[in-house]
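Residue numbers (our numbering): 20 to 243. Glycine included, each C-beta is placed from N, C-alpha and C at the ideal position. Below: the structure, in structure tokens.
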């Protein structure tokens, strides 16, 4: 059940985060749910997995590609996290036929998504505990939009930036389908990885570009 907060806690949350629950898992040595800025947020040791910069990045991407002008009915989110992308899609598209499949490898993050971020209340959402790469290798469904938001802290595992994975995503998209790939570029190494990822995507998709959100955050937009 999502906790309720007093006025004092609401105003205090703008001064310092109020920790609600802390956990660790095989994938994340530290995960927390905190009440910060009047919202519940999901954080790892060095990254935010809900709202904040992630929310701003996806919102900017949705606006810039005019996502509401596309016929988006079936969506796959690889790396569900706290469900920020899913909630934005429901709010942005207003499509009663919208169906979202969310894949998340970390069981504890699924626990948080269901306990604190209303995952079970989102109509049309199917939340699956699985490795994103294993899932897309075995999936036979076609999607209008695939969002890739797979990371451990700020790092995307290498296998998700290789041609094999990008080709698998491309193969699961409908004609004129869209891939959005979230990538943090907080260091020179990460920025070079982002450049290489964009080049690889351009060899597979007919059009791949980048939307910058808050400096170090990039959303790579690819059209089939």
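{"Check": "Cβ distance (whole Å) where residue 107 is taken to contact residue 77 below 8 Å", "Outcome": "5 Å"}
{"Check": "Residue 203 (DSSP reduced to helix, strand or coil)", "Outcome": "strand"}
{"Check": "Close Cβ partners of residue 191 (< 8 Å) along its chain, the five nearest in sequence each way excluded", "Outcome": "95, 155, 158, 160, 161, 162 and 165"}
{"Check": "Residue 184, buried or exposed, once every other Cβ within 10 Å from all chains shown has been counted against 16", "Outcome": "buried"}
{"Check": "Rounded C-alpha distance that separates residue 252 from residue 51", "Outcome": "Residue 252 cannot be examined here, being either before or after the span of the chain that is shown, 20 to 243."}
{"Check": "Reduced DSSP secondary structure (H/G/I, E/B, other) of residue 120", "Outcome": "strand"}
{"Check": "Cβ contact (3+ pairs, closer than 8 Å) linking the segment 124-143 and the segment 204-218", "Outcome": "no"}
{"Check": "CB of residue 15 within 9 Å of CB of residue 129, strictly", "Outcome": "Outside the displayed range of the chain (20 to 243) lies residue 15, so it cannot be described from this structure."}
{"Check": "Cβ-based burial, residue 243 [other Cβ within 10 Å; buried from 16]", "Outcome": "buried"}
{"Check": "Simplified DSSP assignment, three categories, for residue 61", "Outcome": "strand"}
{"Check": "Pair within 9 Å by beta-carbon distance, residue 36 and residue 21", "Outcome": "no"}
{"Check": "Alpha-carbon spacing of residue 82 relative to residue 121, whole angstroms", "Outcome": "22 Å"}
{"Check": "The alpha helix (DSSP H) enclosing residue 183, as first and last residue numbers", "Outcome": "182-190"}
{"Check": "Anticipated Cβ contact below 8 Å, residue 46 with residue 171, distance rounded", "Outcome": "6 Å"}
{"Check": "Buried versus exposed, by CB contacts within 10 Å (16 or more), residue 201", "Outcome": "buried"}
{"Check": "Cβ pair residue 149, residue 124 closer than 9 Å", "Outcome": "yes"}
{"Check": "Candidates 143, 215, 195 and 32: closest to residue 114 by CA position", "Outcome": "143"}
{"Check": "Length of the line joining the Cα atoms of residue 228 and residue 222", "Outcome": "12 Å"}
{"Check": "Opposing strand residues paired with residue 174 [DSSP bridges]", "Outcome": "171"}
{"Check": "Whether residue 230 touches residue 80 by CB criterion (9 Å)", "Outcome": "yes"}
{"Check": "Own chain, CB closer than 8 Å to residue 65, minus 5 neighbours either side, in chain order", "Outcome": "172 and 173"}
{"Check": "Residue 77, DSSP secondary structure in three states", "Outcome": "helix"}
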